[in-house]
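So the sequences go chain by chain: U and Z. Residues in the first sequence are numbered consecutively from 1326, following the working numbering. Residues in the second sequence are numbered consecutively from 12, following the working numbering. Glycine included, C-beta positions come from ideal geometry on N, C-alpha and C.
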Amino acid sequence: MTSVRTLLEKPWIWSFVGALVVWLATIAFTGGYGAGGMVTAALSLAVFTVIVGVGQMFVITLGPGNVDLSLPANIGLASAVAMKVMGGSDSMILVGLLAALACGAAIGAINYLLIWALRIPPIIATLSASFIIQSVDISYGRGLQIKPPPGFADFTNWQVLGIPVLAMLTVVFTIGAALALQRMIYGRSVLAIGQNIRAAWLAGVHVGRIRFLTYTLCGALGGIDGALLAGYFRGANVDIGNEYLLASIAVVVIGGTSVAGGKANVPGVWGAGLFLVLLLTMLNTFGVSAGVRLVLTGLIIVGVITAAGGEKAVR
Amino acid sequence: MTAITPGTLPKSSPRGSAARARMLRGLLPALSLALVLIAIAWLNPRAISYFGFNLMLNLAIPIALATIAQMYVIAGNELDLSIGTFVGFVGCVTATWLRDAPLIGILVLIGSIGVYALLGALIHLRNLPSIVVTLGMSFVWQGLAILVLPKPGGKAPDWLLSIMSFKPPYIPFPILAALLIAAVVHFGLMRTSYGVILRGSGGNAAALRRAGWSLLRTKVVLFALTGLFGVLSGMALIGITTSADANIGNGYTLLSIAGVILGGGEFVGGRVSPIGAVLGALTLALAASPLLTFMHIPPDWQVAANGAILIIVLAARVLISRRER
Chain U
1326 MTSVRTLLEK PWIWSFVGAL VVWLATIAFT GGYGAGGMVT AALSLAVFTV IVGVGQMFVI
1386 TLGPGNVDLS LPANIGLASA VAMKVMGGSD SMILVGLLAA LACGAAIGAI NYLLIWALRI
1446 PPIIATLSAS FIIQSVDISY GRGLQIKPPP GFADFTNWQV LGIPVLAMLT VVFTIGAALA
1506 LQRMIYGRSV LAIGQNIRAA WLAGVHVGRI RFLTYTLCGA LGGIDGALLA GYFRGANVDI
1566 GNEYLLASIA VVVIGGTSVA GGKANVPGVW GAGLFLVLLL TMLNTFGVSA GVRLVLTGLI
1626 IVGVITAAGG EKAVR
Chain Z
12 MTAITPGTLP KSSPRGSAAR ARMLRGLLPA LSLALVLIAI AWLNPRAISY FGFNLMLNLA
72 IPIALATIAQ MYVIAGNELD LSIGTFVGFV GCVTATWLRD APLIGILVLI GSIGVYALLG
132 ALIHLRNLPS IVVTLGMSFV WQGLAILVLP KPGGKAPDWL LSIMSFKPPY IPFPILAALL
192 IAAVVHFGLM RTSYGVILRG SGGNAAALRR AGWSLLRTKV VLFALTGLFG VLSGMALIGI
252 TTSADANIGN GYTLLSIAGV ILGGGEFVGG RVSPIGAVLG ALTLALAASP LLTFMHIPPD
312 WQVAANGAIL IIVLAARVLI SRRER
């Protein structure tokens, strides 16, 4: 019993409970039909949200006001870069992935440069940067109709026993992120800065370097995500990342990470990612119209955040 | 912000230059607007005329109203990521119910202001992050807008059309409206005693609570005011475009935040400026398309030019406020 209680006290458990409830509701509606396929589909779609969600989580953990609004533009540009570099040939897959990674990391670095040099709030800095990236993408990716190399497209859709391989790799990646957060100096520094930036500085944390690393990391993850999305959906697209602005912030917060910073939660990102994808599947299965689906999605997000509750004011 | 009371104006030179820097900073929104105007006048002198301004500032009124709406939540250290879809929702209601069944239309719009007030209460009572709550609400408003008006269309009520196409002598209507909005909001927020309390809730909430003011009430009032100006913005928008579309306001979320910041507002501390916000909105409205069209910037790069303008203005502000310290 005590183990159940300690489990219930974890902030991330609720996102998984939510995902489970939504899944059960859907298979109850379909009479058990498609239960397994739904999990497979949810896993393969949640991967993309989880990858950017982890990046966004590190940024948000840096403290109030830290958020990366340039992710959608970043994903869009990186998807175009990856497809162009790969050029449809299997031998260039690795180079294309590296190019997307470098493109994303450069965007992240520029974001931090704007924040640091101009002392602009991160929201406005990443927003202005996203305007510019978007234009670059429109101009660079105009009429781009390169299909991903067959090997890459197959890899992003590869399943073993109904479990997408990409999802397994992402689980490994998230375990790594959790270790980095809790066991490495880098992660502990991010948490310390989020709790009190001045105290962290006085304690000898390299505040500037850690924030730079975090924004670059978030940008790099956006870049990788763009390449994978282009592989999964078989083609790059300016709008491919649009939904990940709201989704990346939503999974972080629903997953139990504090918006006030200093408290991060990696497993919750997975739970919340699955929850959001399954929620969409459920509403589609119920056959509701687009308007009702949006209203319900919004109300459920507000409901979940109200139920999970904010923390007691620290400041 | 930048309230320089004559009595405290320092005489010594280092502090004097700080005060000058602070005044310069207060003037920055006006300077950036002037800069954009000069650029337009230089590129196309004919645009600086009664008809030119009417045309160029066509959409400035709804943008200014949305910016003021955003300014109220920012004054209370919150952020509204749903104002764009809310403006769209109001637009859809205006183009359908407000024309066909005015009573229901009015009730729905008042009800939506009530929803904003309730959100303020919810955010305060449960201590929720406003970014996430309004993010969720942005889906709700968008969904409702699609339900009200599934296909683009509808028509603005005639009285609204005639208000928005009003042509006063000498001064173009958008400029007159901007002056009126700035004056009314400035008086309400900067010159009344409850306005001070509202800004104080963002500046030092703990001090206000100890002085016996209800923080719940300030948050509810701020959110209700955001809802009210969101409604005005949506109605003004439909009065200009004459018909609606569920996505018509989506760009306003980011535009309104940028307008507040361009106008000298800050995300925390209750430091906002209604006059600055209106100037910021006008700057954005002008910089968004007329300036770029006259500069022959290809459409691909217009969004980038917007981002660059934001960065340049903010960089100028940092240079000035560095002197302030």
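Item, Value
"Exposure of U:T1451, with buried meaning 16 or more beta-carbon neighbours within 10 Å", "buried"
"Within-9 Å CB hit, Z:S149 to chain U", "yes"
"Limits of the unbroken alpha helix (DSSP H) element including Z:M175", "169-175"
"Inter-residue Cα distance where the pair is Z:I133 and U:G1612", "Contrary to the premise, residue 133 of chain Z reads as Leu rather than Ile in this sequence. Approximately 31 Å, taken between the alpha carbons."
"Alpha-carbon to alpha-carbon, Z:I79 and U:A1350", "43 Å"
"Of the residues U:L1608, U:L1553, U:T1582, U:L1599, the one placed nearest Z:P140, counting alpha carbons only", "U:T1582"
"U:I1445 and Z:I308 closer than 9 Å at C-beta", "no"
"Between the CA atoms of Z:S149 and U:T1386 - distance to the nearest angstrom", "24 Å"
"Range covered by the alpha helix (DSSP H) that runs through U:N1482", "1475-1482"
"Test: U:F1611 CB closer than 9 Å to a CB of chain Z", "no"
"Nearest to Z:V195 (by Cα), restricted to the options Z:L42, Z:G37, Z:P285, Z:L297", "Z:P285"
"Cβ separation of U:A1407 and U:G1421, assumed to be a contact under 8 Å, to the nearest whole Å", "5 Å"
"Exposed unless 16 or more other CB atoms sit within 10 angstroms - verdict on Z:R36", "buried"
"Residues near U:V1576 by beta carbon distance below 6 Å, same chain, minus five either side", "T1374, G1378, V1594, A1597, G1598"
"Sequence ranges, alpha helix (DSSP H) only - wholly within the segment 46-114 of chain Z, length at least 4", "61-67, 71-86, 94-106, 108-111"
"Sequence-distant residues of its chain with Cβ nearer than 6 Å to Z:P40 (five each side left out)", "G274, G275, G287, L290, G291"
"Any C-beta of chain U under 9 Å from that of Z:D91", "no"
"Given 8 Å, three or more beta-carbon pairs between the segment 207-225 of chain Z and the segment 102-110 of chain Z", "no"
"Cα-Cα separation between Z:S254 and Z:L129, rounded to whole angstroms", "30 Å"
"CB contact check: U:I1625 to chain Z, cutoff 9 Å", "yes"
"Same chain, Cβ closer than 7 Å to Z:S267, neighbours up to 5 away in sequence not counted", "A77, T78, A80, Q81, I94"
"Residue range of the alpha helix (DSSP H) that includes Z:A292", "285-299"
"Supposed close pair U:G1388, U:G1587 - CB separation, criterion 8 Å", "7 Å"
"Chain U contact for Z:D311 (CB, 9 Å cutoff)", "yes"
"Closer than 8 Å at the beta carbon, the chain Z residues around U:L1439", "I322"
"Stretch-stretch touch, CB-based, cutoff 8 Å, three pairs: the segment 163-170 of chain Z with the segment 236-255 of chain Z", "yes"
"CB contact check: U:F1456 to chain Z, cutoff 9 Å", "yes"
"Beta-carbon gap between U:Y1540 and U:N1436 smaller than 9 Å", "yes"
"CB of U:G1560 within 9 Å of CB of U:Q1484, strictly", "no"
"Beta-ladder partner(s) of Z:G164, from DSSP", "Z:A255"
"9 Å Cβ cutoff, Z:F278 in contact with chain U", "yes"
"Simplified DSSP state of Z:V279, which is helix, strand or coil", "coil"
"Reference U:A1585; option with closest CA among U:V1392, U:I1549, U:S1460", "U:V1392"
"Strand pairing of U:I1488, partner residues [DSSP]", "U:V1485"
"Close-in-space but distant-in-sequence residues of the same chain around Z:A247 (CB under 7 Å, 5 per side omitted)", "I72, P73, L76, M175"
"Contact with chain C by Z:V143, beta-carbon distance below 9 Å", "Looking at the structure shown, chain C is missing, and the protein chains on hand are U and Z."
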